[in-house]
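Just so you know, UniProt numbering puts 151 at position 151 of the sequence shown, and the rest follows in order with no gaps.
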Amino acid sequence: MTNPLEHDVFWKIHRDLPREAPGSDAATMQALAMLPDLPTNARILDVGCGPGAQTLALAKATQGHITAVDTYQPFLDELACRAFIAGVGEQITPVQASMFELPFDEPFDLIWSEGAIYIIGFAEGLAAWRRHLKPGGSIVVSDLSWLQPDPPAEAHQFWQEAYPGIATIEANVSRLEAAGYRSLGHFVLPEEAWWTNYYRPMGARIALLRTQYHDNPEAQRILDLEQAEIELYRRYASSYGYVFYLMQAA
Numbered sequence: 001m002t003n004p005l006e007h008d009v010f011w012k013i014h015r016d017l018p019r020e021a022p023g024s025d026a027a028t029m030q031a032l033a034m035l036p037d038l039p040t041n042a043r044i045l046d047v048g049c050g051p052g053a054q055t056l057a058l059a060k061a062t063q064g065h066i067t068a069v070d071t072y073q074p075f076l077d078e079l080a081c082r083a084f085i086a087g088v089g090e091q092i093t094p095v096q097a098s099m100f101e102l103p104f105d106e107p108f109d110l111i112w113s114e115g116a117i118y119i120i121g122f123a124e125g126l127a128a129w130r131r132h133l134k135p136g137g138s139i140v141v142s143d144l145s146w147l148q149p150d151p152p153a154e155a156h157q158f159w160q161e162a163y164p165g166i167a168t169i170e171a172n173v174s175r176l177e178a179a180g181y182r183s184l185g186h187f188v189l190p191e192e193a194w195w196t197n198y199y200r201p202m203g204a205r206i207a208l209l210r211t212q213y214h215d216n217p218e219a220q221r222i223l224d225l226e227q228a229e230i231e232l233y234r235r236y237a238s239s240y241g242y243v244f245y246l247m248q249a250a
């Protein structure tokens with residue numbers, strides 16, 4: 001985002017949302033339950049953690065230590081505050097770093113990434129992060145995926161522009177196997193997990209910002225683009241969704 005106004009409006013929309021991508025604690029726990037048992041003091045890496053809703057859920061459900069990585073320091077500050085209030089601050093270490101160049105030497109038992117691997121790319125992320133995984137360690141990611149082989153033209157065009165790497169579930173399973181992992185299963189995030197913690201609060205924020213920027217056509221255009229994504233999902237939720245992929249280093 002090189003346009004200062006675009007950057008300003010984007011972060012005003014997304015700041016302090018419950019989550020920065022579709023998801024829920026229930027889905028996080030469902031994915032965790034599908035994994036092999038973790039060591040008692042497991043080392044967990046949460047890549048692209050955002051404000052850390054899933055980080056907190058993992059901390060409460062395990063006795064492991066979680067290194068939570070994001071490039072945006074305000075998200076990390078928010079996570080630290082949330083972790084302190086939740087009583088799991090000692091389990092979580094926020095680190096400002098890029099998922100493209102993770103600055104860690106010791107490997108992790110589990111790498112987790114909800115709604116963020118699209119930034120580096122599904123296959124690219126799995127290939128790059130494998131060196132940070134212990135032998136036999138597991139990875140869990142959620143990624144936008146086609147749920148139909150032939151999605152509606154409007155949805156196809158939108159996501160080909162917004163996320164050219166989007167693929168079907170079958171294609172992503174093939175990708176993870178080609179990257180040297182064994183699939184442990186996958187499941188589709190329920191539609192309500194898009195609305196409760198993401199699209200509904202985002203829509204409310206957009207409505208407030210329309211009043212703030214009532215005399216700024218460029219800001220209104222940016223708000224229109226964000227609203228368009230919400231309306232697209234309202235029409236075509238059956239054709240695409242977030243899918244949790246669980247895998248183990250082969």
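Think of the CB as a built atom: it goes at the ideal place given N, C-alpha and C, for glycine as much as any other residue.
Contact defined as beta carbons within less than 8 Å: I believe residue i pairs with residue j. What is the distance between those atoms, to the nearest angstrom?
| i | j | result |
| --- | --- | --- |
| Gly89 | Val69 | In fact, because the Cβ distance is near 17 Å, the residues do not count as touching under 8 Å. |
| Asp109 | Arg43 | 5 Å |
| Ala249 | Gly180 | 7 Å |
| residue 254 | Arg205 | Because the chain spans 1 through 250 in this model, residue 254 falls outside it and cannot be assessed. |
| Glu94 | Leu79 | Reading the sequence as shown, one finds Pro at residue 94 and not Glu. About 5 Å; that satisfies the 8 Å criterion. |
| Ser145 | Ala178 | In fact, because the Cβ distance is near 16 Å, the residues do not count as touching under 8 Å. |
| Leu189 | Ser142 | 7 Å |
| Leu246 | His186 | 7 Å |
| Trp112 | Gln63 | Trp112 to Gln63, Cβ: 15 Å. No contact. |
| Leu92 | Ala59 | Residue identity differs from the one stated: residue 92 is Ile in this sequence, not Leu. Contact holds; Cβ gap of about 6 Å. |
| Gly115 | Pro22 | 7 Å |
Under the three-state reduction of DSSP, which class applies to residue i: helix, strand or coil?
| i | result |
| --- | --- |
| Ile120 | coil |
| Gln63 | coil |
| Pro217 | helix |
| Gln30 | helix |
| Glu20 | coil |
| Glu229 | helix |
| residue 279 | As shown, the chain starts at 1 and ends at 250. That puts residue 279 outside it, with no answer to give. |
| Val88 | coil |
| Arg15 | coil |
| Pro135 | strand |
| Asp8 | helix |
| Asp77 | helix |
| Asp25 | helix |
Just grab the DSSP bridge partners of residue i for me.
| i | result |
| --- | --- |
| Leu246 | Val140 and Gly185 |
| Gln96 | Asp70 |
| Tyr240 | Trp146 |
| Glu114 | Ser142 |
| Ile222 | For Ile222, which the question treats as bridged, DSSP gives no partner whatsoever. |
| Arg43 | His65 |
Is it buried or exposed for residue i, if we count other Cβ within 10 angstroms and need 16 for buried?
| i | result |
| --- | --- |
| Ile85 | exposed |
| Ser24 | buried |
| Gly52 | buried |
| Arg131 | exposed |
| Leu126 | buried |
| Leu133 | buried |
| Asp215 | exposed |
| Thr211 | exposed |
| Thr40 | exposed |
| Arg234 | exposed |
| Pro4 | exposed |
| Asp46 | buried |
| residue 257 | This structure leaves residue 257 out entirely; the chain is present only between 1 and 250. |
| Arg182 | exposed |
| Thr28 | buried |
| Trp11 | exposed |
| Thr71 | exposed |
| Ala31 | buried |
| Glu161 | exposed |
| Gly136 | exposed |
| Ile20 | The sequence shown places Glu at residue 20, rather than the Ile named in the question. Glu20 is buried by the Cβ-count criterion. |
| Ser138 | buried |
| Ala153 | exposed |
| Ser239 | buried |
Do residue i and the ligand PLP come close, with the Cβ less than 7 Å from some heavy atom?
| i | result |
| --- | --- |
| Trp11 | This structure lacks the ligand PLP, and indeed carries no ligand of any kind. |
I'd like the ranges of any alpha helix (DSSP H) spanning at least 4 consecutive residues and lying wholly in the region 148 to 205. Fully enclosed alpha helix (DSSP H) runs of no fewer than 4 residues occupy 153 to 162 and 169 to 178 of the region 148 to 205, in order along the chain.
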